[in-house]
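Numbering of the sequence shown is given in our numbering, commencing with residue 1301 and proceeding in unit increments.
Here's the structure we're looking at; comments come further down.
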Amino acid sequence: MECFDTHIHSEGKGITELKEMSDNSIKFAVSCAYYPIKPTNGYTLIDMFRKISSFEVERGSKVGIKIIPAVGVHPRCICDEWKKAVEWIEENGKIIGEIGLEIASDEEIKVLLEQLKLAKELELPCIVHTPRKNKKKITDKILDTLKKSGIDSELVVVDHVNLEIVEKVLNEGYWAGLTVQPGKLNVEDVLLIVEKFGFDRFVLNSDTGFNDLDCLTVAKSVKALEEKFSKFDVKKVAIENGKKIFKVI
Ligand SMILES: [Zn+2]
């Protein structure tokens, strides 16, 4: 079955790994903006956005993956001139991500809110990161900020959900991203979650990027899901929900 990895950082992957993903049925991937060191100025972010939106898309097409660019100011990439980067997103962005909160400082909340307001105004889908540390507490602040922005819940994927926060995210009407990686979810967790909450509101991703994490976890999860559930249901989380949210034809 063709799969959609809804959150990767393709810049961190070599063409060999991207080909391996494509050879294992991962034919669509959202490549999210993230700069691995704190940028010194807004143009660092802008050039990274330009790279994802052109060069990364081209690299994907060479190996048979449709790479869909997402651009946004990640909470760990906030620099003094972040507003310049948001202006670029306003002109050029189609998906905003990844954005979110890491420690929920006032600055992070301000940057997130600004980008959510933009997404609302332009009706762009967004990918919202939840952190590993203090997940429950910081997710509450993310949900507050989402509400404050007035954004339509259909435009929002709250990503890296776990058993602790999944119910709350679904109850507020958002899409939920299941990230299959050590320290986040394993395949058994995914099976448990969809068994309990159904297939309609989830997307799968690996968050693979600037690390040595397995880039095939979406394909592996889909295989495990196919052994247990109907093709009709599995297809939703494997590809269809992602295509719908990110408007992929
Ligand atoms: Zn990420």
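Quick reminder that beta carbons are idealized off the backbone N, C-alpha and C, glycines included.
As the structure is a computational prediction, the values presented were derived from the model and not from experiment.
By alpha-carbon positions, which one of Val-1458, Ala-1404, Ile-1549 and Asp-1347 ends up nearest to Phe-1502? Val-1458
Whole beta strand (DSSP E) runs in the stretch 1344-1403 with 3 or more residues, listed along the chain?
1366-1370 and 1396-1400
Review point. Beta carbon of Glu-1398: closer than 7 Å to some heavy atom of ligand 1?
Key: yes
query: Given that a residue counts as buried once 16 or more other Cβ atoms are within 10 Å of its Cβ, and exposed if not, what is Asp-1323?
result: exposed
ask   = Under the rule that 16 or more other beta-carbon atoms within 10 Å means buried, what is Met-1321, buried or exposed?
value = buried
- Query: Would DSSP call Val-1428 helix, strand or coil?
  - Reply: strand
**Report entry** Pick from Val-1386, Lys-1417, Asn-1392 and Ile-1378 that is closest to Ala-1404, judged by C-alpha positions
**Finding:** Ile-1378
With a 10 Å radius around its C-beta and 16 neighbouring C-beta atoms as the bar for buried, classify Ile-1326 as buried or exposed.
buried
- Distance between Glu-1398 and Cys-1515 (C-alpha atoms, nearest Å): 18 Å
Problem set entry | Boundaries of the beta strand (DSSP E) in which Ile-1308 is found, first to last residue | 1303-1308
Original post:
Among residues of its own chain, excluding the 5 on either side of Lys-1484, which ones have a beta-carbon nearer than 8 Å to its beta-carbon?
Top reply: Arg-1432, His-1460, Asn-1462 and Asp-1507
Q: Look at the Cβ atom of Tyr-1335, then the Cβ atom of Gly-1509, and state whether they are nearer than 8 Å.
A: no
### Query
For Gly-1473, does the count of other Cβ atoms within 10 angstroms reach 16, so buried, or fall short, so exposed?
exposed
Exercise. Locate the beta strand (DSSP E) running through Asn-1486, then write down its first and last residues.
Key: Unbroken run through Asn-1486: none, as it is neither H nor E.
Item checked: Exposure label - Asp-1500; buried when at least 16 CB within 10 Å -> exposed
(Q) Beta-carbon within less than 6 Å of Lys-1384's beta-carbon, same chain only, minus the 5 sequence neighbours each way: which residues are those? (A) Gly-1342
Inset, instruction - Check whether the stretch 1478-1494 touches the stretch 1517-1535, counting contact only when three or more Cβ pairs, one atom from each stretch, lie closer than 8 Å. - result: yes
If you reduce the DSSP assignment to three classes, tell me which class Thr-1517 lands in.
helix
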